[in-house]
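Per numbering that gives the first Met the number 0: the sequence shown = residues 0 to 161. Beta carbons are placed, not taken as given, at the ideal position from N, Cα and C, and that holds for glycine.
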Amino acid sequence: MDQRITLVTLGVHDLARARRFYEALGWRGQEVEQTVFFQAGGLALVLWDRDLLAADCGLPSGPSTPDGTNSGGFGGIALAHNVRSRAEVDELLVAVEAAGGAVTKPAAVNAIGFYSSAFTDPDGHAWEVAHNPGFPLAADGSLTLPDFGADPGGGPQEGSGP
Numbered sequence: 000m001d002q003r004i005t006l007v008t009l010g011v012h013d014l015a016r017a018r019r020f021y022e023a024l025g026w027r028g029q030e031v032e033q034t035v036f037f038q039a040g041g042l043a044l045v046l047w048d049r050d051l052l053a054a055d056c057g058l059p060s061g062p063s064t065p066d067g068t069n070s071g072g073f074g075g076i077a078l079a080h081n082v083r084s085r086a087e088v089d090e091l092l093v094a095v096e097a098a099g100g101a102v103t104k105p106a107a108v109n110a111i112g113f114y115s116s117a118f119t120d121p122d123g124h125a126w127e128v129a130h131n132p133g134f135p136l137a138a139d140g141s142l143t144l145p146d147f148g149a150d151p152g153g154g155p156q157e158g159s160g161p
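Now the structure itself:
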């Protein structure tokens, strides 16, 4: 298996509302057979009916715990969006709230030492937005992970999101 992600699919309760949210943030999608596809750098973000996605994955609809029971809580996925400055973190949070999302963790320097925040979209999908100088972005927005073993005493800052 090649080490890459090509699609991230989010199960949504209301496809039209979810599409409006992402388009309000500046994303442009294409709808095909009740599924919306967004090009996101070298991968695609896909919005699809939550129950259909659960069935396609062979799972009960809704979040589940490791023993397979429905927990009714966190859905088990967090997506990360890195930006080039702290100001971009703050600007994105304003756009998120204006589009109907909810900031779940205010922007601050985290315990690891980089500036980050978290939010959920209208369906409760968790996102981290971060400015981490240890994870520089290429001109095209792509990320190449640093060699974490190269400098064990003072290497790049690690975090939950790339």
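Counting along the chain, the unbroken beta strand (DSSP E) around V102 starts and ends at A101 to V108. DSSP, read as helix, strand or coil, puts L91 in helix.
Under the DSSP assignment, D50 falls in the alpha helix (DSSP H) whose first and last residues are R49 to D55. In the structure shown, L144 adopts coil according to DSSP, grouped into three states. Just so you know, the alpha carbons of A106 and L91 end up roughly 11 angstroms apart. In the DSSP assignment, the residues bridged to Q38 are A43. In the DSSP assignment, F20 falls within the unbroken alpha helix (DSSP H) covering L14 to A23. According to the DSSP secondary-structure assignment, S84 is paired through a beta bridge with no residue. When DSSP reads this structure, G123 sits in no beta bridge, so it has no partner. Taking all protein chains in view, the Cβ of E127 is crowded by 16 or more other Cβ atoms within 10 Å, so the residue is classified as buried. In this structure, L14 sits near L46, with a CB-CB distance shorter than 8 angstroms.
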